[in-house]
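The structure under discussion appears below in the form of structure tokens.
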Amino acid sequence: MVNQLGPFQSYIYSKQFNIITLTETLCDPDISDREILPENYTVYRNDRDSWGGGVLLAISDTICSEQIESPTHSECLLVKLHTHKPIILCVVYVPPSPDPAYLLILLDYIRQFASWSENFVLGDFNCPDVNWAFLTAASSPSRLLCDFVLDYDMCQLVESPTHEKGNILYLLLVYYPDCVSNLTVHTDWSVFPISSRHCPLTSTLPSKANLTNYSSSMNFQFHKGNYVLFIGC
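Those letters in the sequence shown? Residues 22 to 254, per the working numbering, in order.
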């Protein structure tokens with residue numbers, strides 16, 4: 022993503038997404054938040070110490086938000102949105118062929134917030150062998166993920182392949198499927214300016230957010246525009 026900032030910024034500002042999530046950002050501390058999105062967004066990042074990986078959440082300045090501390094040595098971000106009903110967004114990147122111990126630590130941390138009904142867990146879990154129709158998998162890491170989804174009665178909403186090899190790698194886990202609408206996996210790269218092996222996703226979360234720096238009686242209707250963009254770089 023860092024070598025495609027110009028086209029990325031032009032696309033984001035033309036579409037005016039309220040929430041943007043990125044995985045495999047390849048960012049490092051030398052790259053400032055304002056270099057990524059110069060204005061109108063609060064940027065939260067968890068960069069990898071070495072080359073590769075990294076996750077990012079960018080929240081429109083019209084939405085009050087705050088970061089929740091994430092576990093060390095994990096590529097995970099949690100951000101709380103101060104909406105009509107508070108929402109927790111958790112964006113995750115799990116490296117390919119993940120160590121089951123690493124995934125277990127990550128899922129144990131996410132469990133702390135699993136009781137929140139307005140909880141969205143999303144990102145690239147790199148578990149291509151999961152059969153989401155039956156919640157079965159061959160590998161140990163993927164079975165851990167299936168157990169997590171079953172234990173907390175969550176739904177995985179992405180049904181189309183998100184990677185050029187035909188795998189569903191990017192997931193969106195929620196409690197109530199009806200709270201997400203217009204979820205689309207975009208396979209037509211002519212409309213998206215970033216080169217990637219992953220398909221971008223967009224969706225709408227129908228809710229109300231408190232506007233920053235405005236009267237508390239004012240509300241922003243998410244469903245009136247494009248709301249969320251998910252990108253695996």
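In this text, a Cβ means the ideal position worked out from N, Cα and C, and glycines have one as well.
The residue among 84, 87, 173 with its C-alpha nearest the C-alpha of residue 129 is 173.
Fewer than three Cβ pairs drawn from the region 105-112 and the region 152-170 lie within less than 8 Å of each other, which leaves the two stretches out of contact. Taking a cut-off of 8 Å for Cβ pairs, the region 55-64 and the region 114-131 do not touch, as fewer than three such pairs fall below it. In this model, residue 149 and residue 74 are separated by some 18 Å (Cα to Cα). For the set 25, 159, 250, 208, the Cα lying nearest the Cα of residue 143 is the one of 250. Between residue 201 and residue 226 a beta carbon distance of about 6 Å is seen, short of the 8 Å cut, so the two are scored as contacting. The C-beta of residue 181 has fewer than 16 other C-beta atoms within 10 Å across all chains shown, which makes the residue exposed.
In this structure, the alpha-carbon of residue 195 lies about 15 Å from that of residue 168. Runs of the beta strand (DSSP E) spanning 3 or more residues and lying entirely within the region 110-183 occur at 140-145, in chain order.
Comparing C-alpha distances from residue 111 to each of 94, 145, 217 shows the shortest one belongs to 145. Residue state for residue 197 is assigned as coil, using DSSP reduced to three classes.
Here DSSP, grouped into helix, strand and coil, assigns residue 189 to coil.
As the crow flies, the alpha-carbon of residue 36 is around 15 Å from that of residue 205. The three-state secondary structure of residue 56, taken from DSSP, is helix.
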